[in-house]
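Residue numbers (the numbering used here), protein chains in the order written: chain A, 587 to 751; chain X, 2 to 122.
C-beta atoms are modelled at their ideal positions from N, C-alpha and C, and glycine is treated no differently.
I have placed the structure first, in the form of structure tokens, so that the comments after it can refer back to it.
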């Protein structure tokens, strides 16, 4: 009896998609949070990262399937929610998950619009937000993943772009 | 002048209300989806509706169509605020009866200008 081993290979994440995610994030921060985030060079994601306490996720489907994840700590999430609402982070309570979801929605929407300029019809899901301690999102090995680190006014956040075949 | 702000995100409703408050407006009603918005409009009339597109239960497009089919809300100005920026989406929204369209993310000045424009039409 013979077996055939199916080799899987992660699809590369095209540079223009990574650039679009970085530009979308900057655009949303500048217009809705009134701050300019500092972006650091994107890097491939390795196993068991990113890890964070708050994760906002949005899915996109079109010529390919993609997932955008926004990872940060709770204080950073509250700082970003405060910037959106014109409040101090200390004034933010249970409303920060909704704000993070809306932030992911706008970044995903801006990214989708940039992708659509290159052709094809793209659809976007509603955002989901998970809150916990050291959350890791596990993906199959045949997906391409890139992490885009940013420093916001409140601290570090990571945007992950996951590309499925 | 009274506004009805319709969005499933309470954050976005507050952002819109904060922006319009700074522009001098002071009377607002809120709804989390199109169905709640229809209920709000039957209870109390408004001068302008600002609505999202993608919402659970009844989306913004269905809500606007329901408004335009009702004699009492047929002519109320509607501004749609959404991430949908494709030309086909904008045409579909205008065809449904939306008066103008704002793409998220937006600056406060854009919302103020668009509200002024739809109220003047």
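- For residue 602 of chain A, the uninterrupted alpha helix (DSSP H) segment begins and ends at 601 to 618.
- For residue 733 of chain A, the three-state secondary structure derived from DSSP is strand.
- Taking a Cβ-Cβ cut-off of 9 Å, residue 677 of chain A has no neighbours in chain X, whose nearest Cβ is about 12 Å from it.
- Relative to the Cα of residue 76 of chain X, the nearest Cα in the group X/58, X/88, X/98 belongs to X/98.
- Per DSSP, reduced to three states, the secondary structure at residue 98 of chain X is coil, with no helix or strand assignment.
- For residue 659 of chain A, no beta strand (DSSP E) run applies, since DSSP gives it neither H nor E.
- At a cut-off of 9 Å between beta-carbon atoms, residue 699 of chain A makes contact with chain X.
- Among the CB atoms of chain A, none fall inside 9 Å of the CB of residue 27 of chain X.
- For the pair residue 61 of chain X and residue 94 of chain X, the CB atoms are nearer than the 9 Å cut-off.
- Here residue 64 of chain X carries a helix assignment [DSSP, helix/strand/coil].
- If only uninterrupted beta strand (DSSP E) runs of at least 3 residues are considered, those enclosed by the segment 633 to 658 of chain A are 637 to 647, 651 to 658.
- Judged by DSSP secondary structure, residue 719 of chain A falls within the beta strand (DSSP E) whose first and last residues are 714 to 722.
- Per DSSP, the unbroken alpha helix (DSSP H) holding residue 697 of chain A starts and ends at 682 to 702.
- In terms of beta-carbon proximity, residue 687 of chain A lines the interface with chain X, with at least one pair separated by less than 9 Å.
- Taking the Cα of residue 642 of chain A as reference, the smallest distance to any Cα among A/729, A/723, A/740, A/732 is reached at A/723.
- DSSP places residue 120 of chain X in the uninterrupted alpha helix (DSSP H) bounded by 109 to 121.
- Within 9 Å of the CB of residue 716 of chain A, no CB atom of chain X is found; the nearest one sits about 17 Å away.
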